[in-house]
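Q:
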Amino acid sequence: MAAELSPIDKAKFVAAKRAVEYVEDGMRLGLGTGSTAAWMVRCLGELVREEGLRVTGVPTSSRTAELARQCGIRVVSLDEAKWLDLTIDGADEFDHQLNLIKGGGGALLQEKIVATASDQMIVIADAAKEVTQLGNFPLPIEVVPFGWQTTKALVEETLVSLDVLGRQATLRMNGDAPFITDEGNYIVDLHLGRIGNARQLALVINQIPGVVENGLFVDICDIVVIGHGDGRVETRDINQGTVEEDRIEFAPTDNVFADFGE
4 MAAELSPIDK AKFVAAKRAV EYVEDGMRLG LGTGSTAAWM VRCLGELVRE
54 EGLRVTGVPT SSRTAELARQ CGIRVVSLDE AKWLDLTIDG ADEFDHQLNL
104 IKGGGGALLQ EKIVATASDQ MIVIADAAKE VTQLGNFPLP IEVVPFGWQT
154 TKALVEETLV SLDVLGRQAT LRMNGDAPFI TDEGNYIVDL HLGRIGNARQ
204 LALVINQIPG VVENGLFVDI CDIVVIGHGD GRVETRDINQ GTVEEDRIEF
254 APTDNVFADF GE
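Numbering (this note's numbering), first residue to last: 4 to 265.
1) Can you name, in chain order, every residue of its own chain whose Cβ lies under 8 Å from the Cβ of G234, other than the five neighbours on each side?
2) How close, in whole Å, do the beta carbons of I223 and L193 come, if the pair is a contact with beta carbons under 8 Å?
3) Among the candidates K115, V228, G106, whose CA atom is the shortest distance from the CA of R21?
4) With distances taken from CA atoms, which of E7, E49, G60, C46 is nearest L32?
5) Helix, strand or coil for M43, going by three-state DSSP, please let me know.
6) M4 to E49, Cα distance in whole Å?
7) Ignoring anything shorter than 4 residues or poking outside the segment 178-226, list the alpha helix (DSSP H) runs there in chain order.
8) For R170, name the three-state secondary structure that DSSP assigns.
9) Based on Cα-Cα distance, which residue from K85, A41, M176 lies nearest to Q73?
10) Contact defined as beta carbons within less than 8 Å: I believe V167 pairs with I198. What is the distance between those atoms, to the nearest angstrom?
11) Cβ of L142 within 9 Å of Cβ of L195?
12) Does any C-beta atom of chain D lie closer than 9 Å to the C-beta of L103?
13) Check F140 in the structure and name its three-state DSSP category.
14) Beta strand (DSSP E) containing A128: first to last residue?
15) Beta-carbon within less than 8 Å of N177's beta-carbon, same chain only, minus the 5 sequence neighbours each way: which residues are those?
16) Do you know how far the Cα of E54 is from the Cα of I190?
In structure tokens form, the structure reads like this:
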């Protein structure tokens, strides 16, 4: 149970537990991808099973869709839902303006489409994901397989004129083969070290032919819920300008920690 969790998993769990408190009956929800988002899906599934919460989920990846169904959450496509009330997702990095780097799990394209089709986005993260400046975590960009080496070279050439520290770009691999996204594309990771102007970088990179989308989420996140290993939770609302702190006791049921075959 909770006592067996590592401090980092406890932090992810309490952030997820706090975030699902924003969910209301009848909502259409974007369901994020990644280890922290998986805790959220489990917590949401518990509310569906134990309290009869009625929600419709739009997953941001095939693995999130599978987990959501196993947890008893009704799953539909974004085309079916059309518009969402709320998206809850994790992040690889976030700064004080709630700008994000996402895509460590390779689902950045669907994650960004779903997040921007939502009235509100909540990010859940452990405290280690907060940075003073984005860029230490490699920035993923999704590229079409055709001519990907040319696209990569154009990206590296473009980075020379941008406010970044490094310019190395590497193709993400899955064993001996390129990693393939749910949309059939490749991921190129940019090792930038520091991103001086996230908004400019996002706009410029997306103009390069062959680039489908980048992992910079600028002016998309509304609330970040930061979990700590001792149960403390900090909630920052950038629109309201508020910061709230509380603590969540570790009293999860067996259902939350059930093995869903991940």
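We put the beta carbon where it would ideally sit given N, CA and C, even for glycine.
A: Considering the structure as presented:
1) K13, V17, R250, I251, E252, F253
2) The pair is not a contact, with the Cβ atoms about 19 Å apart (cut-off 8 Å).
3) V228
4) G60
5) helix
6) Model confidence at M4 stands at a pLDDT of 42, short of 50, so the residue's coordinates are unreliable and nothing is read from them.
7) 201-208
8) coil
9) A41
10) 6 Å
11) yes
12) Structure shown: chain D not included; a single protein chain is present.
13) coil
14) 124-129
15) I183
16) 40 Å
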